[in-house]
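Residue numbers (my numbering): 42 to 362.
See below:
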């Protein structure tokens, strides 16, 4: 894996070995047996995907170009259903994520809505009402798996919340690395109103993000918060005033993605892996994971290019090798 780091799967194996060794030799509490599959096995192959979906499709996939080359935007586009998650949309999201995780040209993914005033209203309850209980279980499992795969993308992901994000819509945003919201946006895990619970990661990701007690309060009450409150409790990283075009959060998300573009692409992938894996284990094991991840950046061409650029006082020209 020395030159291209195409063996991120090998890195994951080494991370597991490092974690196991640290856990075995440490007197501290061992971490979980299975580390989070943080996209490490995604070996970039450059497999393509449509640069822009047709307007009538429920998920639009756009590869940006010029100064934004490397940024991919996934836009939810079910205007008549407030972007509610149905079988077809979940299928399209799964297909898109599967393509993105193996595309080495992708540097950052932004999830947004193409529908003004709404991010995602959650599960499509009209479709849900027609399902047998066994179908519901299967659908929720597929939605959970798809959102997990989103969380495990090897590149940074940003949710641009320019409108309402409820239930599964908020769970989708929680699976992203960073969340940006308009101050007018509304967010909440409201499933208990329907006598169910969040089923696509909400009960696990929200308490890890804002703390157990507050997460319980929000889930038990099905409370909805706006962008300002979401920022104050740590649910989102940035809050912005909405603009006339209704895309203020997307514009802020795009600005963040642009900050990531000049950095070493392999380093960012490995950094995300180290953080994701390390957060699931004790500190000693996490430091061993960091050591294993750092070691994989040493033989890369990008690292040498970074040193040369620093010496020559010029911007680096990273190639992801």
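For glycine and all other residues, C-beta sits at the position ideal for the given N, C-alpha and C.
Please read all numbers here as calculations on a predicted model, not as lab measurements.
Three-state class that DSSP yields for residue i in the structure shown
i, result
"residue 154", "strand"
"residue 319", "helix"
"residue 289", "helix"
"residue 227", "strand"
"residue 149", "strand"
"residue 206", "strand"
"residue 164", "strand"
"residue 126", "strand"
"residue 359", "coil"
"residue 189", "helix"
"residue 354", "coil"
"residue 341", "coil"
"residue 142", "coil"
"residue 295", "helix"
"residue 324", "helix"
"residue 275", "coil"
"residue 194", "coil"
"residue 304", "coil"
"residue 236", "coil"
"residue 312", "helix"
Cβ-heavy atom distance, residue i to the ligand COA, below 8 Å
i, result
"residue 315", "For the ligand COA, the structure offers nothing, since it holds no ligand at all."
Cα-Cα separation between residue i and residue j, rounded to whole angstroms
i, j, result
"residue 175", "residue 247", "27 Å"
"residue 344", "residue 337", "10 Å"
"residue 140", "residue 152", "15 Å"
"residue 323", "residue 171", "45 Å"
"residue 236", "residue 244", "15 Å"
"residue 166", "residue 122", "10 Å"
"residue 200", "residue 215", "8 Å"
"residue 356", "residue 302", "12 Å"
"residue 263", "residue 229", "7 Å"
"residue 59", "residue 339", "Only weak support is given to the placement of residue 59: the predicted model assigns it a pLDDT of 49, under 50, and the value that follows is read from those uncertain coordinates. Roughly 17 Å separates the two Cα atoms."
"residue 131", "residue 282", "30 Å"
"residue 106", "residue 173", "45 Å"
"residue 258", "residue 361", "44 Å"
"residue 182", "residue 204", "26 Å"
"residue 208", "residue 192", "17 Å"
"residue 180", "residue 225", "31 Å"
"residue 320", "residue 353", "37 Å"
"residue 313", "residue 219", "12 Å"
"residue 256", "residue 185", "19 Å"
"residue 213", "residue 156", "16 Å"
Paired residues, beta bridge with residue i - DSSP
i, result
"residue 220", "200"
"residue 106", "Beta-bridge pairing links residue 106 to no other residue."
"residue 100", "117"
"residue 281", "223"
"residue 267", "227"
"residue 112", "149"
"residue 159", "205"
Top-ranked residue by Cα proximity to residue i, from the options
i, options, result
"residue 197", "185, 189, 242 and 309", "309"
"residue 194", "206, 217 and 209", "217"
"residue 177", "241, 224 and 147", "241"
"residue 116", "234, 154, 202 and 224", "154"
"residue 250", "259, 291 and 275", "275"
"residue 127", "227, 182 and 168", "168"
"residue 108", "321, 295, 290 and 326", "295"
"residue 223", "120, 185, 298 and 271", "271"
"residue 290", "160, 253, 180 and 321", "160"
"residue 311", "341, 102, 124 and 212", "341"
Own chain, CB closer than 7 Å to residue i, minus 5 neighbours either side, in chain order
i, result
"residue 359", "305, 306, 343 and 346"
"residue 315", "330, 331 and 334"
"residue 134", "100 and 187"
"residue 148", "111, 112, 196, 301, 302 and 306"
"residue 351", "none"
"residue 261", "233"
Chain-order list of residues whose beta-carbon lies under 6 Å from that of residue i (same chain, five-residue window excluded)
i, result
"residue 349", "none"
"residue 328", "none"
"residue 234", "263"
"residue 158", "204"
Contacting residues, own chain, Cβ-Cβ under 8 Å from residue i (five flanking each side not counted)
i, result
"residue 190", "135, 138, 139 and 142"
"residue 284", "292"
"residue 298", "109, 112, 148, 149, 151, 197 and 199"
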